[in-house]
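**Student:**
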Amino acid sequence: MPFDLNTLWFLLIAILFTGFFILEGFDFGVGILLPIVAKDDQERRMVINTIGPHWDGNEVWL
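Mapping of the sequence shown onto our numbering: residues 98 to 159, in sequence order.
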């Protein structure tokens, strides 16, 4: 099965989007679980600070 340029670009973009959504899932997961995990403002701040150093830094390589 020969690959033409359209197929190659489609696969490349699909791989990049998949990687982005997997890496972004960490940030979304923390945001979704925030009301369940953190009971008060101090706990909320602690949970948010755990992802602070990595906030969107894991997608930079994409």
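All C-beta atoms in this analysis are idealised placements derived from N, C-alpha and C, irrespective of residue type, glycine included.
Helix, strand or coil for residue 107 per DSSP?
**Tutor:** By 1-based counting over the sequence shown, the position of residue 107 is 10. If DSSP states are grouped into helix, strand and coil, residue 107 belongs with the helices.
**Student:** Terminal residues of the continuous alpha helix (DSSP H) containing residue 144?
**Tutor:** Position 47 of the sequence shown, counted from the first residue, corresponds to residue 144. First-last of the alpha helix (DSSP H) with residue 144: 138–148.
**Student:** Whose C-beta lies closer than 7 Å to the C-beta of residue 135 among residues of the same chain, with five residues either side of it excluded?
**Tutor:** Locating residue 135 in the sequence shown gives position 38, where the first residue counts as 1. Correct list, in chain order: 141, 144.
**Student:** Distance check for residue 148 and residue 120, CA to CA, integer angstroms please.
**Tutor:** Indexing the sequence shown from 1 puts residue 120 at position 23. Indexing the sequence shown from 1 puts residue 148 at position 51. Looking at the two C-alpha atoms, the distance is approximately 12 Å.
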